[in-house]
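All remarks here apply to the structure that follows.
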Amino acid sequence: MKSGLSMLLALLLGLALGGCNKEDPQGFPKVDYNKDGRVIFEELIVVFPDLTVEEFLAADADSNGVLDDKEYQRFHEARLAGRKLEPSAAPAPGAGPAVDGKSAAPAAPAAPAAPTEAPAPAAPAAPGIPEAPAPAAPPATSAAPAKGEVVETVEVGPGPAAPAPEAARTYTVARGDNLSRIARKFDVTVEALMAANGMKDADHLEAGATLTIPASDESAAAATPASPAVADFVARFFAQNVSGDINGLLDSYGETVDYYKKGKSGKDLVRQDKADYFSRWPERSYTPGPATAEKLPGGDLRVTVPTAFTAKNGKKRVAGQAAFTFLLRPEGDSFRIVGEQSVVTEKK
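Numbering (mature numbering (1 follows the signal peptide of the UniProt record, and there is no 0)), first residue to last: -22 to -1, 1 to 326.
What follows is the structure, given as structure tokens:
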């Protein structure tokens, strides 16, 4: 009898120890893919495919564009309880984002989260993602933001000040939605909605996707197809992101840039953000769509570019559509980027 009881206790102890050794597939060590002690938007979306930029920003308590162990545990506990963190839980914007060095998202996008129809925000994880007007900017040495967020770019530097561009808006597609209904809701055309999101098929609309809402028809009328010079500048920008030519990229920026949630930042922050993003995603590709440009008071150009992107790190891959917005300042026969933001509009 004692022998049988001893064997049973030994078996139970073995099972308990085995269970303790099994690593939680959603635990921080597993989600932190590159083991740098922080989780970015692109890493989190692999484990939680329904993650939105808005929820990521709500989890990012210190608004630095990444989640530390404590912030991730708070996010994870909410998910285990069957709920999502609401934007209201996020602290007042002011820190930076991070998306692909855009990331800085955006990373923390340099400005307060832009208004959204649904709870509001990564991307991506877009090119340097791979997310609202910027409050007082933190020092240029602060941590780089995280990719995939929405921010409003404003003119910086000397010269006549141009009014801040209209903040980017996003909308999360609900079941039963169609483009016509969404367009009427925001007083824009279906064509403008498709162009802002790089869509070719009006019938292909997935519930849960995040759409970029273009400016109203009145404002959009001021935007026209970008000139060949602007188109060439944009094409070179994305080509340098693909090749990882950081020095070439930095030549495209002004000395001060309204950079995602980081706000007014120097080139040192841009360099670090790009380097971090290229390290996390060694393989990158971008396919920019037709760019549109709007001339602002003071001479700067607001350029919007819908872009398909893919980023890979070994077997890990993120892809989708993003909308990039640049504030370009003419300089000689070229331009300098004095504002940059992006938002992931569709994840694949």
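Where is the CB? At the ideal position from N, CA and C, for every residue including glycine. Here the structure is a predicted model, which is why all the values come from computation and not from measurement.
**Request:** Using 10 angstroms around the beta-carbon of Ala204, count the other beta-carbons present and answer buried if the total reaches 16, otherwise exposed.
**Result:** buried
**Asked** From Gly244, Tyr264 and Ala297, pick the residue whose C-alpha is nearest to that of Phe19; which is it?
**Response** Ala297
**Prompt:** Roughly how far, in whole angstroms, is the beta-carbon of Thr202 from the beta-carbon of Ala269, given that I think they are within contact range, below 8 angstroms?
**Reply:** In fact, because the Cβ distance is near 10 angstroms, the residues do not count as touching under 8 angstroms.
**Message:** Could you check whether the stretch 245 to 261 touches the stretch 272 to 286, counting it as contact only if at least three pairs of C-beta atoms, one from each stretch, sit closer than 8 angstroms?
**Reply:** no
**Asked** Taking the DSSP output, what are the residues bridged to Tyr264?
**Response** Phe287
**Prompt:** Hey, how far is the Cα of Gly15 from the Cα of Pro3?
**Reply:** 16 angstroms
**Message:** Below 8 angstroms on the Cβ atoms is my contact criterion, and I expect Ile191 with Thr148 to pass it. Report the Cβ-Cβ distance as a whole number of Å.
**Reply:** 7 angstroms
**Asked** Excluding five sequence neighbours on each side, which residues of the same chain lie with their C-beta closer than 6 angstroms to the C-beta of Tyr50?
**Response** Phe6 and Val17
**Prompt:** Once you ignore the five residues that flank Ala180 on each side, which residues in its own chain have a CB closer than 7 angstroms to its CB?
**Reply:** Leu157, Val168 and Met172
**Prompt:** With a CB to CB cut of under 6 angstroms and the five nearest residues on each side skipped, what residues in its chain are close to Asp40?
**Reply:** none
**Prompt:** Considering only residues of the same chain and omitting the five flanking positions on each side of Phe302, which have a CB-CB separation below 6 angstroms?
**Reply:** Val283, Thr285 and Ser320
**Residue closest to Glu309, alpha-carbon to alpha-carbon, out of Arg258, Ser230 and Pro260** = Ser230
**Request:** State the Cα-Cα distance for the pair Arg280 and Phe313, rounded to the nearest angstrom.
**Result:** 12 angstroms
**Request:** Using only alpha-carbon positions, find the residue among Glu324, Leu22 and Lys240 that is nearest to Asp46.
**Result:** Leu22
**Message:** Please return the same chain residues whose Cβ sits closer than 6 angstroms to the Cβ of Gly222, not counting the five positions on each side in sequence.
**Reply:** Phe256
**Message:** Is it buried or exposed, His54, if we count other Cβ atoms within 10 angstroms and call 16 or more buried?
**Reply:** buried
**Request:** Would you mind sorting Thr30 into buried or exposed? The rule is 16 or more other CB atoms within 10 Å of its CB.
**Result:** buried
**Unbroken stretches of the alpha helix (DSSP H), 4 residues or longer, contained in the stretch 144 to 179** = 157 to 163 and 168 to 174
**Prompt:** Cβ atoms of Glu33 and Lys13: under 8 angstroms apart, would you say?
**Reply:** no
**Request:** Go ahead and pull the three-state DSSP assignment for Asp236.
**Result:** strand
**Asked** What are the residues that DSSP puts in a beta bridge with Gln319?
**Response** Thr303
**Asked** In whole angstroms, what separates the C-alpha of Val208 from that of Asp10?
**Response** 38 angstroms
**Message:** Using only CA atoms, which one of Arg159, Ala300 and Asp210 lies nearest to Asp311?
**Reply:** Asp210
**Message:** I need the DSSP call for Ser41, collapsed to helix, strand or coil.
**Reply:** coil
**Asked** For Arg314, which residues does DSSP report across the bridge?
**Response** Arg307
**Asked** Just curious, the alpha helix (DSSP H) that Gly226 is in, first and last residue?
**Response** Ile224 to Leu228
**Rounded separation between Lys290 and Gln250 - CA only** = 20 angstroms
**Item:** According to DSSP, residues forming a beta bridge with Pro203
**Value:** Thr270
**Request:** Specify, as a first and last residue, the run of the alpha helix (DSSP H) that Lys245 falls within.
**Result:** Lys245 to Arg258
**Message:** Assuming Leu58 is part of the alpha helix (DSSP H), what are its boundary residues?
**Reply:** Asp47 to Leu58
**Prompt:** Near Lys325, what residues of its chain come up, given a Cβ to Cβ distance below 7 angstroms and the 5 sequence neighbours on each side ignored?
**Reply:** Ile23 and Gly298
**Request:** Just the C-alpha distance for Ser243 and Phe215, rounded to the nearest angstrom, thanks.
**Result:** 19 angstroms
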